[in-house]
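Numbering (the working numbering), first residue to last: 6 to 67.
All residues carry an ideal CB built from backbone N, CA and C; glycine is no exception.
Quick caveat: nothing in here was measured; it's all calculated off a predicted structure.
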Amino acid sequence: MAVKTLLSDFKLTVIGTIRKNKRELPVEFSKLVSRPEKSSMFGLRNECTLVSYIPKKAKMYF
Numbered sequence: 006m007a008v009k010t011l012l013s014d015f016k017l018t019v020i021g022t023i024r025k026n027k028r029e030l031p032v033e034f035s036k037l038v039s040r041p042e043k044s045s046m047f048g049l050r051n052e053c054t055l056v057s058y059i060p061k062k063a064k065m066y067f
């Protein structure tokens, strides 16, 4: 709810890190072995965007 208020009232966005064990995160975003190094994956829903980037082998950042 607070994120939508920031976006609609103040035109601000939120950037942060999400742990891969969160149930709100799609399963495809937590699979490390099937994705190559320096790859990005995007998830879109209404006004929200989720980006997953793998800078190095066996490390994953959200």
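Residue closest to residue i, alpha-carbon to alpha-carbon, out of the options
i	options	result
Thr22	Arg28, Leu55, Ser39	Leu55
Pro60	Ser44, Leu30, Pro31	Ser44
Beta-carbon proximity of residue i to residue j, cut-off 7 Å
i	j	result
Ser39	Met46	no
Lys62	Glu42	yes
Whole-angstrom distance between residue j and residue i, CA atom to CA atom
i	j	result
Leu49	Arg28	17 Å
Whether or not the stretch 10-20 and the stretch 28-40 are in contact is what I'm after, with contact meaning three or more pairs of Cβ atoms, one per stretch, closer than 8 Å; do they touch?
At 8 Å Cβ cutoff, the stretches do not touch.
Minimum length 3: unbroken beta strand (DSSP E) runs contained in the stretch 26-56:
Entirely contained in the stretch 26-56, the beta strand (DSSP E) runs reaching 3 residues are, in chain order, 44-50.
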